[in-house]
Ligand SMILES: Cc1ncc(COP(=O)(O)O)c(C=O)c1O
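In the working numbering, the protein residues as written are -13 to 367.
Structure follows, in structure tokens:
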């Protein structure tokens, strides 16, 4: 079945945090929403549910859990048990809960910048110590600094690593070998590993769920998953956090209770069921659209910005581009692209010091939106 990925939306005036009035008239390539409508089966499920008229307290039941387990097995070759699934409002909130549950004030939490900015916030807002293990750019590809990571994990004050896998914003899909090294380092040093795998369905290179490598890593690992990025339903606010270790799970659930979290959004229930049972074909086509958009962008960069570095996109729909040759201050980059080209990127420095000189472009957009934007960018380069 062919799906429509060409409809060009205008989401101004809908409360969208991406389509702000601040940059009215420009097209947002910033916040990680897709500018493609979600799959038809999800829209139908939501529309049937809306017609039903009961929007009541909802929680994951046996059916919901078994659908999640089947999806993980089918798409990720990953066996999980239904009771391991803990629902949260989102992955950001789950990371905050994990930080509060498994670390104390002043203890170290390691992150690998440049990385999704909410990781650092979850650490600092909760008064934990932010410990950076920056990625290293080697021969045009970001890699982890394992020697430093090992040293940091050996420090008894460092209790947790928050891993981004696949990585936002650099676009890496970590190989099984890389993930095994990370998992082993954390396991050996009793460091809790929070693996944020929200982008795990959006990949070109094969993605490995960290705990599918070896069951022993279930002891100290929390895997954050969701249908939100994969199917563009983040606004429905439900994520599935997979915690195999019963002790860790109980402690995490207790913290959710302390925070007064109970139910899931009623709309997320039918949406997840449809997404995880009827939308594989849509997901595959969506992935191929991202790769074809990335190809268009890469060709543009090669031709018109030959001095710029564009990180290879192995996963996510977020392109990571170094524009430092333009000589524009980091704080002014977004305004520059918005005013001159009607393109609103995310500023790279938001993801850490290491992101200075970069912009991040969300390329999950209709092809025409991308080619028009690049045409406008051509004029300013
Ligand atoms: C790596 C990563 N984690 C988490 C999120 C947000 O998750 P949620 O909306 O479930 O809080 C994003 C959104 O862009 C992300 O890229």
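Note that beta-carbon positions come from the ideal geometry of N, C-alpha and C, so glycine has one too.
Closer than 6 Å: residue i CB and nearest ligand 1 heavy atom
| i | result |
| --- | --- |
| residue 108 | no |
| residue 50 | no |
| residue 218 | no |
| residue 311 | no |
| residue 198 | no |
| residue 18 | yes |
| residue 249 | no |
| residue 139 | no |
| residue 195 | no |
| residue 102 | yes |
| residue 225 | yes |
| residue 187 | no |
| residue 154 | yes |
| residue 150 | yes |
| residue 349 | no |
| residue 78 | yes |
| residue 214 | yes |
| residue 182 | yes |
Nearest-angstrom beta carbon gap, residue j and residue i [assumed within contact, 8 Å]
| i | j | result |
| --- | --- | --- |
| residue 98 | residue 150 | 7 Å |
| residue 332 | residue 346 | 4 Å |
| residue 134 | residue 121 | Residue 134 to residue 121, Cβ: 11 Å. No contact. |
| residue 186 | residue 25 | With 8 Å as the limit, residue 186 and residue 25 do not qualify as a contact, their Cβ atoms being about 17 Å apart. |
| residue 93 | residue 115 | 6 Å |
| residue 369 | residue 276 | Given a span of -13 to 367 for the chain in the structure shown, any question on residue 369 remains unanswerable. |
| residue 294 | residue 32 | Wrong, their Cβ atoms sit about 40 Å apart, outside the cutoff. |
| residue 184 | residue 46 | Not quite, the Cβ-Cβ distance comes to about 18 Å (not below 8 Å), so this is no contact. |
| residue 329 | residue 288 | About 18 Å separates the two Cβ atoms, so there is no contact after all. |
| residue 148 | residue 95 | 6 Å |
| residue 75 | residue 221 | The pair is not a contact, with the Cβ atoms about 12 Å apart (cut-off 8 Å). |
| residue 326 | residue 335 | 19 Å between Cβ atoms; not a contact. |
| residue 101 | residue 146 | Actually they are not in contact, since the Cβ atoms of residue 101 and residue 146 sit about 14 Å apart, beyond 8 Å. |
| residue 16 | residue 156 | Not confirmed; about 17 Å, so no contact. |
| residue 290 | residue 367 | 5 Å |
| residue 225 | residue 64 | Residue 225 to residue 64, Cβ: 16 Å. No contact. |
| residue 173 | residue 44 | About 36 Å separates the two Cβ atoms, so there is no contact after all. |
| residue 241 | residue 89 | The pair is not a contact, with the Cβ atoms about 12 Å apart (cut-off 8 Å). |
| residue 35 | residue 344 | With 8 Å as the limit, residue 35 and residue 344 do not qualify as a contact, their Cβ atoms being about 41 Å apart. |
| residue 286 | residue 360 | 5 Å |
Residue i beta carbon near ligand 2 (any heavy atom closer than 6 Å)
| i | result |
| --- | --- |
| residue 208 | Here the bound small molecules are ligand 1; ligand 2 is not part of this structure. |
Residue-chain proximity (residue i, chain B), Cβ-Cβ < 7 Å
| i | result |
| --- | --- |
| residue 271 | Judged by its chain identifiers, the structure shown contains no chain B, having just a single protein chain. |
Query raised in the report: How about the region 128 to 139 and the region 103 to 113: do they share at least three Cβ pairs that are nearer than 8 Å?
Result: no
**Report entry** Uninterrupted alpha helix (DSSP H) stretches inside the region 243 to 294 (no shorter than 4 residues)
**Finding:** At a cut-off of 4 residues, the continuous stretches assigned as alpha helix (DSSP H) that sit fully inside the region 243 to 294 are 254 to 264, 266 to 290.
Query raised in the report: For the region 195 to 234, which segments carrying the alpha helix (DSSP H) assignment without a break, of at least 4 residues, lie completely within its bounds, in sequence order?
Result: Whole alpha helix (DSSP H) segments, 4+ residues: 214 to 217.
Query raised in the report: Using 8 Å as the threshold, is the region 268 to 285 in touch with the region 68 to 85, meaning 3 or more CB pairs across them?
Result: no
Requested in this report: Report yes or no: do three or more beta-carbon pairs, one from the region 222 to 231 and one from the region 202 to 214, lie closer than 8 Å?
Outcome: yes
Query raised in the report: Are the region 322 to 330 and the region 300 to 308 touching, with three or more C-beta to C-beta distances below 8 Å?
Result: no
Query raised in the report: Where in the region 65 to 112 do unbroken runs of the alpha helix (DSSP H), each at least 4 residues long, occur, reported from the N-terminal end onward?
Result: 77 to 88, 104 to 110
Query - Three or more C-beta pairs below 8 Å linking the region 252 to 270 and the region 208 to 215 - result: yes
Query - Three CB pairs or more closer than 8 Å across the region 18 to 36 and the region -13 to 2 - result: yes
Query - Any 3 or more C-beta pairs closer than 8 Å across the region 78 to 85 and the region 232 to 249 - result: yes
Query raised in the report: Counting Cβ pairs closer than 8 Å, one from the region 304 to 314 and one from the region 159 to 175, do we hit at least three?
Result: no
Requested in this report: Return the chain-ordered ranges of every alpha helix (DSSP H) run that is complete within the region 113 to 184 and spans a minimum of 4 residues.
Outcome: 132 to 140, 162 to 174
Query raised in the report: Counting only runs that start and end within the region 300 to 327, where is the beta strand (DSSP E) found for 3 or more residues in a row?
Result: 304 to 308
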